[in-house]
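Residue numbering for the sequence shown follows the working numbering, beginning at 77 and increasing consecutively. This report refers to the structure that appears directly beneath it.
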Amino acid sequence: METTSSASNIPSKMKAWVYAHHGKPVDVLKLDLDVAVPQLTEDQVLIKVVAAGLNPVDFKRMLGMFIGADSPLPTVPGYDVAGVVLKVGSQVKTLKEGDEVLGADLAIDYTKDNFEDLPEKFDVVYDAVGQSERAVKAVKEGGQVVTIEPMKALTAPAFRFILTSSGAMLERLNPFLENGKVKPVIDPRGTFPFSQTPEAFSYLETGRVTGKIVLHPIP
77 METTSSASNI
87 PSKMKAWVYA
97 HHGKPVDVLK
107 LDLDVAVPQL
117 TEDQVLIKVV
127 AAGLNPVDFK
137 RMLGMFIGAD
147 SPLPTVPGYD
157 VAGVVLKVGS
167 QVKTLKEGDE
177 VLGADLAIDY
187 TKDNFEDLPE
197 KFDVVYDAVG
207 QSERAVKAVK
217 EGGQVVTIEP
227 MKALTAPAFR
237 FILTSSGAML
247 ERLNPFLENG
257 KVKPVIDPRG
267 TFPFSQTPEA
277 FSYLETGRVT
287 GKIVLHPIP
């Protein structure tokens, strides 16, 4: 049974998918019904997650690709969420309790075209699937490839970087979501229930996802 804090009626425990060692998501993810709700610092907000989107970096973390810069184990995967603010730290000025928050010139259908063999070459290729070796073949001389995949034995000069979450950037994007200029694309398979999180990750690992995978509802 969940216990609650008397001050704000926020549960002290929550359900979460957790992994304690590295491996394939379907093998290492375990549902824990007794995970401590994170303690809030002065510059943070506590969110009740309503829906979560899976990100390729999530299963790459589980596979151990970012050991040097990753969270200590056991840990809860996930970066992309939408939910409601339950509590705010004393230094937070732009959000309040009850707020709802968010955590190319040519599109090519890779199931029909070998994009690296197209006669037209590109200045920039954004690889959001993990096909870096093919993407390098599709750029012009002096072009650039941005990929989520660790670069392998390539002769082209490259550098690696890790993105961090930016509330300011999400705030700038929010008006475009609200007026419909930016429309989220959900994978045709739709949403997965929270109980099927490992199966959702297995689908993400195939590299054939054509939109965001969403976990909803979150109990």
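All C-beta atoms, glycine included, are put in the ideal place defined by N, C-alpha and C.
- Spatial neighbours of Val285 in its own chain (CB-CB distance under 7 Å, excluding positions within 5 residues in sequence) are listed in chain order as Asp263 and Tyr279.
- Within the same chain, Cβ atoms closer than 8 Å to the Cβ of Val113 are found at Ile86, Pro87, Ser88, Lys89, Met90 and Leu122, the five residues on either side in sequence being excluded.
- Segment contact: the region 122-131 against the region 142-152, fewer than three CB-CB distances shorter than 8 Å; contact not assigned.
- Judged by their CB atoms, Val221 and Val215 are nearer to each other than the 8 Å cut-off.
- Taking 8 Å as the cut-off, the beta carbon of Val258 is found closer than this to the beta carbon of Leu249.
- Secondary-structure assignment with DSSP links Thr223 through a beta bridge to Asp203.
- When beta bridges are read from the DSSP output, Tyr95 appears opposite Thr151.
- In this structure, the CA atom of Asp156 is about 11 Å from the CA atom of Val126.
- Taking all protein chains in view, the Cβ of Val212 is crowded by 16 or more other Cβ atoms within 10 Å, so the residue is classified as buried.
- Nearest C-alpha to Ile294 among Ser271, Gly283 and Phe277: Ser271.
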